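Notes to accompany the following structure.
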Ligand code: F6P
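Written out as structure tokens, the structure is:
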């Protein structure tokens, strides 16, 4: 295949960019009263309004041509049918099999992985029911009241952020504390809150080789033994989720307390597997199944909807438009829902660990931009912080506004106020404020003409800043499942266009291995001083305090 930037569809987009760059969205809306209807769609109980984008119908057509020229539909089929599309690790990419109906078949290495998934889900369900019914007893015969979930990266963000998102569905007698950072403060602060007799530790690590998770689990076990538990009691309080059963049993977790996952699930795509155990414990297995069903609905939509009506593809291609043709380097997610406050951080790992790459599948260096910086937070809080830069900063930062139409906590006018902020922000980003409008607003305020003109210049807002709005009726396990899968597939589509492997993460390896070498230097009696001068000096400063 020719290089991406040589494709006819890419070049057509480049030629088209000049035309759109000089068009203001205000004019696009003024010219077409039907723009919202033409540029919005509903699927899986989500509504996507993409009308506030710097795009015409022609732009979308050209973007879809690019997707077609990059063979998107055959790449989608390859992923869903279990092909080893994670070529650098020689693995299939089958997180969608975790939410498949149990009578479906996905073959990986000659076996139907859906039946393995069904077996693990049955084990999860039995465990979840036992804990929630108070039948899983701690070493003094008391029921479990607290879970301490230990894991990092994909073994942490999904369980933590999606549990938080589904807080209204939590079982009354159960709470969960999440520990990721190897900083002892994290685990020490959590252990202050729990009682060893009624606490269950879930150690989640796909590889069972992650330093932070192993250290935190060892410290949790030491604490448990110091509180009065015995070695024989450990099995009542420690369970694990991993692909590496051998390492986990050698570590001391009872084999009966282990939940399997598979190498065809990427860490950042793993909340649907037993990595989601903390979520299932908190919200119950039926609700966990509803979360899977929501994602499954999005899988079906993604596989079957034509590009013109395909939500993940539309969002992905608009992202390509800004990243590759407008020079955007970041993308902001704004959750107008307190329960979804962590969602931008979840998508940050999902997207940045997937598409933060610069080598094509054939090993060439890319000559175009790939994954943008994903960031964001909770609305309306961000309006009083970083929205200033969105409105008047120099770059183009596309935004996704996400909001449920109904709150789990209806209280007076709060939700209407929240919605007014959400809609008002996307409107302001789109239309902006002209110099003349700003000047008119200053009239009658007693300013001299010169002063009024100066202030008006500062009040000008260029507008033409793109955004999507994603609405749902209410944040439920099912709508959340669909929302997460929407972003998973959006990330996949962009990886296809950029011709990179969205499913490996070699970039995190070097820092890990250098960190291990440095640890040895920090704590051993006679370290070899052969690092660079900066690293040597930093190590020495630490040693002076500790050795
Ligand atoms: O360091 C990155 C990473 O490998 C992520 O991809 C992964 O989710 C995380 O570490 C944790 O890995 P594990 O589940 O194997 O402990």
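In the numbering used here, the protein residues as written are 55 to 601. From the three backbone atoms N, C-alpha and C, an ideal C-beta is built for every residue, glycine too. Keep in mind that this is a model prediction, so the values were computed, not measured.
Within the continuous alpha helix (DSSP H) that includes residue i, where are the two ends?
i, result
"residue 229", "No alpha helix (DSSP H) holds residue 229; the beta strand (DSSP E) holding it covers 229 to 233."
"residue 52", "Any property of residue 52 remains undetermined from this structure, which presents the chain solely from 55 to 601."
"residue 550", "531 to 552"
"residue 388", "Element bounds for residue 388: not the alpha helix (DSSP H) but the beta strand (DSSP E), 384 to 389."
"residue 381", "No alpha helix (DSSP H) contains residue 381, which DSSP labels as neither H nor E."
"residue 244", "238 to 245"
"residue 96", "Not the alpha helix (DSSP H): residue 96 falls in the beta strand (DSSP E), residues 94 to 97."
"residue 254", "Per DSSP, residue 254 belongs to no alpha helix (DSSP H); it is in the beta strand (DSSP E), 253 to 258."
"residue 305", "299 to 305"
"residue 133", "126 to 134"
"residue 472", "468 to 485"
"residue 401", "397 to 409"
"residue 347", "339 to 358"
"residue 495", "489 to 496"
"residue 69", "62 to 75"
"residue 214", "211 to 219"
So the beta strand (DSSP E) residue i belongs to, where does it begin and stop?
i, result
"residue 431", "427 to 432"
"residue 103", "100 to 103"
"residue 525", "521 to 528"
"residue 174", "Segment 167 to 186 is the alpha helix (DSSP H) holding residue 174; no beta strand (DSSP E) there."
"residue 294", "292 to 296"
Mapping DSSP to helix, strand and coil, what is residue i?
i, result
"residue 320", "coil"
"residue 566", "helix"
"residue 452", "coil"
"residue 287", "helix"
"residue 577", "helix"
"residue 203", "strand"
"residue 325", "coil"
"residue 314", "strand"
"residue 501", "coil"
"residue 590", "helix"
"residue 80", "helix"
"residue 559", "coil"
"residue 597", "helix"
"residue 626", "Only positions 55 to 601 of the chain appear in the structure, and residue 626 is not among them; the question remains open."
"residue 189", "coil"
"residue 365", "helix"
"residue 435", "helix"
"residue 140", "strand"
"residue 194", "coil"
"residue 584", "coil"
With respect to 7 angstroms, is the separation between the Cβ of residue i and the closest non-hydrogen atom of ligand 1 below this value?
i, result
"residue 174", "no"
"residue 145", "no"
"residue 205", "yes"
"residue 402", "no"
"residue 530", "no"
"residue 261", "yes"
"residue 407", "yes"
"residue 478", "no"
"residue 264", "yes"
"residue 567", "no"
"residue 556", "no"
"residue 209", "yes"
"residue 195", "no"
"residue 562", "yes"
"residue 321", "yes"
"residue 267", "yes"
"residue 28", "Given a span of 55 to 601 for the chain in the structure shown, any question on residue 28 remains unanswerable."
Does the separation of the CB atoms of residue i and residue j fall below 8 angstroms?
i, j, result
"residue 428", "residue 401", "yes"
"residue 97", "residue 359", "yes"
"residue 219", "residue 393", "yes"
"residue 541", "residue 404", "yes"
"residue 332", "residue 516", "no"
"residue 205", "residue 253", "no"
"residue 398", "residue 389", "yes"
"residue 121", "residue 551", "yes"
"residue 241", "residue 270", "yes"
"residue 292", "residue 182", "no"
"residue 312", "residue 297", "no"
"residue 262", "residue 289", "no"
"residue 335", "residue 186", "yes"
"residue 198", "residue 190", "yes"
"residue 250", "residue 283", "yes"
"residue 521", "residue 106", "yes"
"residue 387", "residue 535", "no"
"residue 482", "residue 496", "no"
"residue 315", "residue 539", "no"
"residue 377", "residue 554", "no"
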